[in-house]
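Q: Numbering (this note's numbering), first residue to last: 1 to 378. We treat Cβ as the ideally placed atom computed from N, Cα and C, and that holds for glycine.
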Ligand SMILES: [Zn+2]
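#1: Could you give the distance in angstroms between the alpha-carbon of residue 269 and the alpha-carbon of residue 170?
#2: Does the beta carbon of residue 365 sit closer than 8 Å to a beta carbon anywhere in chain D?
#3: Is any heavy atom in ligand 1 found nearer than 7 Å to the beta carbon of residue 150?
#4: Does the beta carbon of residue 262 fall short of 7 Å from some heavy atom of ligand 1?
#5: Going by the DSSP bridge assignment, what does residue 196 pair with across the sheet?
#6: Would you grab the beta carbon distance between residue 206 and residue 131 for me? Rounded to a whole angstrom, and I think it's under 8 Å.
#7: Within the same chain, show all residues whose beta-carbon is closer than 6 Å to that of residue 124, passing over the 5 residues directly before and after it, in chain order.
#8: Thinking just about the alpha-carbon of each residue, which of 300, 306, 326 and 301 is nearest to the one in residue 312?
#9: Assign residue 174 to one of two classes, buried (16 or more other C-beta atoms within 10 Å of its C-beta) or exposed (fewer than that).
#10: Look up residue 266 in the DSSP assignment and say whether it is helix, strand or coil.
#11: Contact defined as beta carbons within less than 8 Å: I believe residue 264 pairs with residue 323. What is the distance between those atoms, to the nearest angstrom?
#12: Who are residue 130's beta bridge partners in DSSP?
#13: Under a three-way DSSP split, which group does residue 209 fall into?
#14: Could you give the distance in angstroms between the alpha-carbon of residue 180 and the alpha-carbon of residue 217?
#15: In chain order, what residues of the same chain have a beta carbon less than 6 Å from the beta carbon of residue 168, not counting five sequence neighbours either side?
#16: Pull up the distance between the alpha-carbon of residue 235 and that of residue 136, whole angstroms please.
#17: Just the C-alpha distance for residue 267 and residue 332, rounded to the nearest angstrom, thanks.
#18: Between which two residues does the alpha helix (DSSP H) holding residue 252 run?
#19: Quick check: the Cα distance between residue 292 and residue 280, rounded to an integer number of angstroms?
#20: Are there any heavy atoms of ligand 1 lying less than 7 Å away from the beta-carbon of residue 194, as far as the coordinates show?
#21: Which ranges does the beta strand (DSSP E) cover as unbroken runs of at least 3 residues, wholly within the stretch 350-376, from first to last along the chain?
#22: Over what stretch of residues does the beta strand (DSSP E) that includes residue 260 continue unbroken?
#23: Does the beta carbon of residue 230 fall short of 7 Å from some heavy atom of ligand 1?
#24: Determine the closest residue to residue 352 out of 250, 155 and 275, with distance taken between C-alpha atoms.
#25: At a threshold of 7 Å, does residue 270 count as lining ligand 1 (C-beta to nearest heavy atom)?
#26: Does residue 228 come out as helix, strand or coil in the three-state DSSP assignment?
#27: The alpha helix (DSSP H) with residue 162 in it runs from where to where?
#28: Beta carbon of residue 254, beta carbon of residue 146: below 8 Å?
#29: As a quick exercise: from 156, 367, 189 and 343, pick the residue whose alpha carbon is nearest that of residue 357.
#30: What's the call for residue 240, buried or exposed, on a 16-neighbour Cβ count within 10 Å?
#31: Could you tell me whether the Cβ atoms of residue 198 and residue 212 are closer together than 8 Å?
#32: Where do the ends of the alpha helix (DSSP H) carrying residue 173 lie?
#33: Could you pull out every residue in the same chain whose Cβ sits closer than 8 Å to the Cβ of residue 259, ignoring the five residues on either side in sequence?
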């Protein structure tokens, strides 16, 4: 199959259907010059394989000598002569071609094709340029691929000020009012600046393809005795977040694996929405993947209690799960070890929030193993 962007000649050579179809087209042309030009299907065929370069296909079909080598090799009887016979054969073959091969050609990279069903409609861009909008490609999806959740580490008033007047922003802000309100600060079609240096599973700089949701929350506070306290999120506020995420992922077709926390995609310098964020509630609604199976975690944990995997294993598995860390990086550099600790902290905040010291342990290893090892099929 020709790949997206390739034209007539080399890419088409590989396809016997195309060769057969072109042979018929050229026979039709030889028998009744100009015949194929009257056929919309033949025109489409030539257009699909290279437009004006269609003459190059004659050499491919007939060889350098110009004789119909294909007909000689297959020992075919000469076909009916004349324009009518040629057109009939051509139509038959083109129809077969359409059924088998052309959809994939026309679809290029996407692999599917649709026949336009509407006529052209003229409108104008916002800049006044006339454009036709009557045809719509089937091969398309939303530019939004991720939802990134944050906390603001500040009051509603401070959050609104920072997110509207400073060089940071989010599409939505979910307040801690009673009842909570959802503020839209950036239209979804535009890029908000909420996850600068970020990555997930090879995706980088996620601002361009994500919706950012800020949640008004104080972050963590330090008690007089020096203890860190992560205040819970009010239920009503989480209800609002869940409804907002549900609405966004449904409209944009976002996968559950792509609903993430800021700390997960920017672990080197962030950890919001923090260990108090109730990810299991989103899992209950199917907005994020199900929690790791406790039975599998327990079984694996027993194994790791006696032999804890080394740091390189953790690094590799965290990268495999999606975290933006080089899974094969050499760990003798302090910087890389620090990054691994930050990634592990964020991993624990989400999957084992009771302790998030960033240190490797058997339970973290077991959860990570379950997340990266699909359950064997029965
Ligand atoms: Zn954030």
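A: This is what the structure holds:
#1: Indexing the chain shown from 1 puts residue 269 at position 269. Indexing the chain shown from 1 puts residue 170 at position 170. Straight-line Cα distance between these residues: approximately 18 Å.
#2: Looking at the structure shown, chain D is missing, and only one protein chain is on hand.
#3: Along the chain shown, one-based indexing puts residue 150 at 150. Result yes, Cβ under 7 Å from ligand 1.
#4: One-based indexing of the chain shown puts residue 262 at position 262. Yes - ligand 1 has a heavy atom lying nearer than 7 Å to the Cβ of residue 262.
#5: Mapped onto the chain shown, residue 196 falls at position 196. Answer is none; residue 196 lacks a bridge partner.
#6: As a position in the chain shown, residue 206 is number 206, starting the count at 1. As a position in the chain shown, residue 131 is number 131, starting the count at 1. Going by Cβ atoms, the distance from residue 206 to residue 131 rounds to 30 Å, so no, they are not a contact pair.
#7: On the chain shown, position 124 is the one that residue 124 refers to. Around residue 124: 130.
#8: If you number the chain shown from 1, residue 312 lands on position 312. Residue 326 is the option with its Cα nearest to residue 312.
#9: In the chain shown, residue 174 corresponds to position 174, counting from 1. With 16 or more Cβ atoms within 10 Å of its Cβ, residue 174 is classed as buried.
#10: The count along the chain shown starts at 1 and reaches residue 266 at position 266. Coil at residue 266, not helix or strand.
#11: Residue mapping note: residue 264 aligns to position 264 of the chain shown, counting from 1. Residue mapping note: residue 323 aligns to position 323 of the chain shown, counting from 1. At roughly 7 Å, the Cβ-Cβ gap stays under 8 Å, so residue 264 and residue 323 are in contact.
#12: Along the chain shown, read from residue 1 onward, the residue named residue 130 stands at position 130. For residue 130, which the question treats as bridged, DSSP gives the partners 124.
#13: The sequence position of residue 209 within the chain shown is 209, counting from 1. Helix.
#14: The count along the chain shown starts at 1 and reaches residue 180 at position 180. The count along the chain shown starts at 1 and reaches residue 217 at position 217. Cα to Cα, residue 180 sits roughly 12 Å from residue 217.
#15: What you label residue 168 is simply residue 168 of the chain shown in a count that begins at 1. Cβ neighbours of residue 168 beyond the five flanking positions: 193.
#16: Working through the chain shown from its first residue, we reach residue 235 at position 235. Working through the chain shown from its first residue, we reach residue 136 at position 136. Roughly 42 Å separates the two Cα atoms.
#17: Working through the chain shown from its first residue, we reach residue 267 at position 267. Working through the chain shown from its first residue, we reach residue 332 at position 332. Rounded to whole angstroms, residue 267 and residue 332 show a C-alpha spacing of 20 Å.
#18: Position 252 of the chain shown, counted from the start, is the residue given in the question as residue 252. 235-252 is the span of the alpha helix (DSSP H), which, as asked, contains residue 252.
#19: For the purposes of this step, residue 292 is identified with residue 292 of the chain shown, where counting begins at 1. For the purposes of this step, residue 280 is identified with residue 280 of the chain shown, where counting begins at 1. It is roughly 11 Å from the alpha-carbon of residue 292 to the alpha-carbon of residue 280.
#20: Residue 194 sits at position 194 when you count from the first residue of the chain shown. Yes, the beta carbon of residue 194 sits closer than 7 Å to at least one heavy atom of ligand 1.
#21: none
#22: On the chain shown, residue 260 is found 260 positions in, with the first residue counted as 1. Note, residue 260: beta strand (DSSP E), 259-261.
#23: Residue 230 sits at position 230 when you count from the first residue of the chain shown. Not under cutoff, so the answer is no.
#24: By 1-based counting over the chain shown, the position of residue 352 is 352. Measuring from the Cα of residue 352, the nearest candidate turns out to be 275.
#25: Against the chain shown, residue 270 aligns to sequence position 270. Correct: residue 270 has its Cβ closer than 7 Å to ligand 1.
#26: Translated into the one-based positions of the chain shown, residue 228 becomes position 228. Strand, per DSSP.
#27: Against the chain shown, residue 162 aligns to sequence position 162. Counting along the chain, the alpha helix (DSSP H) containing residue 162 begins and ends at 156-165.
#28: Your numbering for residue 254 matches position 254 in the chain shown. Your numbering for residue 146 matches position 146 in the chain shown. Contact flag set, yes.
#29: Position 357 of the chain shown holds residue 357. Answer by Cα proximity: 343.
#30: On the chain shown, residue 240 is found 240 positions in, with the first residue counted as 1. Its Cβ being crowded by 16 or more others within 10 Å, residue 240 is buried.
#31: In the chain shown, the residue the question calls residue 198 occupies position 198. In the chain shown, the residue the question calls residue 212 occupies position 212. Using a Cβ distance threshold of 8 Å, residue 198 and residue 212 do not count as a contacting pair.
#32: By 1-based counting over the chain shown, the position of residue 173 is 173. No alpha helix (DSSP H) holds residue 173; the beta strand (DSSP E) holding it covers 172-174.
#33: If you number the chain shown from 1, residue 259 lands on position 259. Closer than 8 Å at the Cβ level, and outside the excluded window around residue 259, lie 146, 147, 149, 245, 249, 282, 287 and 288.
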